[in-house]
Each structure stands twice: as C-alpha cells, then as structure tokens.
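Taking it in order: structure first as structure tokens, then the write-up.
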Amino acid sequence: MPGAIRAARGLAGFEGPKYAAEPALDPRFAAEESAAGWTVVATAIGPDAARVRSFAQAFRRRYCRAPAFWAAEGYDAANLLIHRLTAIRGQRPAREALIAPLRAATYRGISRDFSFDQKMLQLSTPASFVHQVRDGAFHYLGPAPDRAPQPKGR
397 MPGAIRAARG LAGFEGPKYA AEPALDPRFA AEESAAGWTV VATAIGPDAA RVRSFAQAFR
457 RRYCRAPAFW AAEGYDAANL LIHRLTAIRG QRPAREALIA PLRAATYRGI SRDFSFDQKM
517 LQLSTPASFV HQVRDGAFHY LGPAPDRAPQ PKGR
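The sequence shown begins at 397 in our numbering and counts up one residue at a time.
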C-alpha cells in the first residue's frame, strides 16, 4: 500500500485515467489527496453495494460503524463452511473430510455466488469489483467486466 501512495503522489496532476490493484483498497490510500479520481479493481465488493445492503445495515446497527472491505466476503466464507458442515451431519469431520465437500460446493453468498473450478482448485465465479476514490473515500462502481471487450468487426 505505501507503493500505491507513492504512485498517486508521483502522478499528482496527471489528468488521464489512473488505476490500481487490490493493495490500494485501503482507507489510507483513499485519504491521500493525490488519490482522488483513482480507480481500484479488487476482489472486495463495496460495503455500499445493493447486493450487500442488508448485511451492511445489520453490521452498522450491531457495531456502530460501516463494515470494512472484505467483511461481506468473510461472512460468506464462514457461512459456506457452516453450510457444508451441517450438510455432512454426524460427528465433527477431520479437515481432510471437508476438502471434497468444499470443492463440490456451490453457494449463493451475499457478495457473490461461489463455485469452484475442479482443475484449478479456485473460485470459478468472476469476482472483481470496481471502486473509485472521491472525497477521501472509496465509492463502489459495480462489478468489473468478467471478459475483455472484443475488437469491433470480429
């Protein structure tokens, strides 16, 4: 994240588009005056996104503050695990016994839908989101496109 701040300071005054990756999704970056207008693409959904609105409202009521980035994803990860544990039934499973059920899992979370690519052993559902820095804070713009645009005429 310090590198993102150095980049923002170094590009102060540049009028073209300015993009950063996930490490810049930090309130310290957004608070930097030279970060205004930067666009950050990250795997965290914005806490002000419609899809997680009810979660964010409940979080605010309980903790008297807005949820941080990745709070909704953490909630989803915990609930996915709980969902798979309750589906197994019986005695407490060993860690190894959870691997196959988790790999086979599909889960509709509040931040995204989850399914896993069996070959790559990673999420197979697109999950990047776009945020822009305005007024010293991140503003959620929406999901990032999951495919590169195709050239016209093809």
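Don't be surprised by glycine CBs; every beta carbon is placed ideally from N, CA and C.
Asp422 sits buried, since 16 or more C-beta atoms from the chains shown fall within 10 Å of its C-beta.
Pairing Ala416 with Thr435 gives a Cβ-Cβ distance under 9 Å. When C-alpha distances from Ala462 are compared across Val437, Val448 and Leu537, the shortest belongs to Val448. Where Thr502 is concerned, there is no enclosing alpha helix (DSSP H), although the beta strand (DSSP E) around it starts and stops at Thr502 to Arg504. Pairing Asp444 with Ala431 gives a Cβ-Cβ distance that is not under 9 Å.
Uninterrupted beta strand (DSSP E) stretches at least 3 residues long and entirely within the region 423-488 occur at 435-438, given in chain order.
By alpha-carbon distance to Gly412, the top candidate from Gly433, Phe510 and Ala426 is Gly433. The DSSP-derived three-state label of Pro539 is strand. Straight-line measurement puts the Cα of Ala483 at about 31 Å from the Cα of Phe525.
When DSSP states are grouped into helix, strand and coil, Leu498 belongs to the helix group. When DSSP states are grouped into helix, strand and coil, Ala490 belongs to the coil group.
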